[in-house]
Amino acid sequence: MSIYQLLGSVIACLLIYLLLKGVNERFAVFASAAGAILILFYVCTKLSSVFVFINHLADSAGINNGYFEVVIKGLAVCYLGEFTVSTCKDCGQNGWGDKVELACRCTLLVLSIPLFEDFLNIIVGLLE
Numbered sequence: 221m222s223i224y225q226l227l228g229s230v231i232a233c234l235l236i237y238l239l240l241k242g243v244n245e246r247f248a249v250f251a252s253a254a255g256a257i258l259i260l261f262y263v264c265t266k267l268s269s270v271f272v273f274i275n276h277l278a279d280s281a282g283i284n285n286g287y288f289e290v291v292i293k294g295l296a297v298c299y300l301g302e303f304t305v306s307t308c309k310d311c312g313q314n315g316w317g318d319k320v321e322l323a324c325r326c327t328l329l330v331l332s333i334p335l336f337e338d339f340l341n342i343i344v345g346l347l348e
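Start counting the sequence shown at 221; every next residue gets the next number (our numbering).
Given below as structure tokens:
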């Protein structure tokens with residue numbers, strides 16, 4: 221799918237949303253969700269090739285893939301979390317959005333534990 225096809229599809233979903241919003245708010249949410257899912261799939265397919273390229277560069281440079289993996293997972297949590305929070309708030313569920321944001325923050329904290337552990341090991345090694 222090209223960016224032009226995506227933009228046209230999202231505009232179509234937006235128009236359907238606006239038409240349905242006046243008739244039945246419940247059905248309008250489905251059009252909004254469809255547009256959000258289209259964007260999410262487009263972004264994921266485009267970013268997969270970028271991640272493969274960056275992974276290749278990390279391998280060539282001799283960088284530990286564990287660090288790269290943590291950073292990529294953290295970025296994915298941030299982007300997908302923000303996307304989900306925005307979708308929740310668009311649907312009028314601010315409480316859900318706040319809880320998703322908290323869950324993403326906790327996930328980032330858990331993901332960063334191995335990095336902190338390695339950092340502390342380096343500090344201890346330098347002090348010895």
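Where is the CB? At the ideal position from N, CA and C, for every residue including glycine.
For Ala251, collect the residues of the same chain with a Cβ closer than 7 angstroms to its Cβ; drop the 5 residues on either side in sequence, then sort them by chain order. Cys233, Ile236, Tyr237, Leu240
Whole angstroms is fine: what's the gap from Tyr287's alpha carbon to Lys266's? Distance between the alpha carbons of Tyr287 and Lys266: 22 angstroms.
Quick one, are the C-beta atoms of Ala256 and Thr307 less than 8 angstroms apart? yes
C-alpha gap between Gln225 and Gln313, whole angstroms: 29 angstroms
Boundaries (first-last residue) of the alpha helix (DSSP H) holding Cys311: For Cys311, there is no enclosing alpha helix (DSSP H), as DSSP gives it neither H nor E.
Distance between beta carbons of Leu331 and Gly294, contact taken as under 8 angstroms: Their Cβ separation, rounded to whole angstroms, is 5 angstroms, which keeps Gly294 and Leu331 in contact under 8 angstroms.
Enumerate in chain order the residues of its own chain whose CB-to-CB distance from Cys298 is below 8 angstroms, with the five nearest sequence positions on each side excluded. Cβ neighbours of Cys298 beyond the five flanking positions: Cys324, Leu328.
Per DSSP, what kind of secondary structure is Gly294 in: helix, strand or coil? helix
C-alpha distance - Leu227 paired with Leu346, whole-angstrom precision: 53 angstroms
Member of Asp310, Glu337, Asp338, Ile292 whose CA lies at the smallest distance from the CA of Arg246: Asp310
Given Ala248, which residues of its chain have a CB within under 7 angstroms of its CB, disregarding the five upstream and five downstream residues? Tyr237, Leu240, Lys241
Keeping to the same chain, check which residues put their C-beta closer than 7 angstroms to that of Ser229; ignore five residues upstream and five downstream. Excluding positions up to five away in sequence, the list reads Leu258.
How would you label Val305, buried or exposed, when you count the other beta carbons within 10 angstroms and need 16 or more for buried? buried
In or out: Val320 buried (at least 16 other Cβ within 10 Å) or exposed? So Val320 counts as buried.
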